[in-house]
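Scroll down for the structure; my scribbles are underneath it.
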Amino acid sequence: MAIKWVEGILYRDGKVLIGRLRNKNPLIMRMEWTFPYTQINEGESPRIAVKRLFEEELGFKGIKVGSFLAKYNPSENPKIEQYFYDLSISGNTVISSKEFIEFLWINPTQVV
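In structure tokens, the structure reads:
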């Protein structure tokens, strides 16, 4: 059975938000900096999960979920299904997280 999670690519002032994980993700060990992500709950759509992540888990207000961008299965763990959505924000930001120790706004060209 696949492990499903969703990642949100949040745009603000021409930059995107990335976070540095507090602990290594045991499913993908090489991952240190990433777009914010969360596991999709049973019966929950990826779109609802990404909105929950940014509003409830990270404390953002005014999140707008945009387009579905991609589905990805990492080669180092093909049991994982990652869904990516673009997001925008129209309200205030309060970033707090148990999973991430810091966040950066970077130019999209810096993403590798």
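For the sequence shown, our numbering assigns the number 5 to the initial residue and increments by one for each residue that follows.
Just so it is clear, CB atoms sit at the ideal spot from N, CA and C, and this is done for glycine as well.
Following the DSSP letters along the chain, one finds residue 26 in no alpha helix (DSSP H), marked with neither H nor E.
The DSSP-derived three-state label of residue 115 is coil.
Runs of beta strand (DSSP E) with 3 or more residues, each lying fully within the stretch 81 to 105, are found at 84 to 93, listed in chain order. A contact between stretches requires three or more CB pairs, one per stretch, nearer than 8 Å, and the stretch 47 to 65 fails this requirement with the stretch 76 to 83. Residue 11 is classed as buried because its beta carbon has at least 16 other beta carbons within 10 Å across all chains shown.
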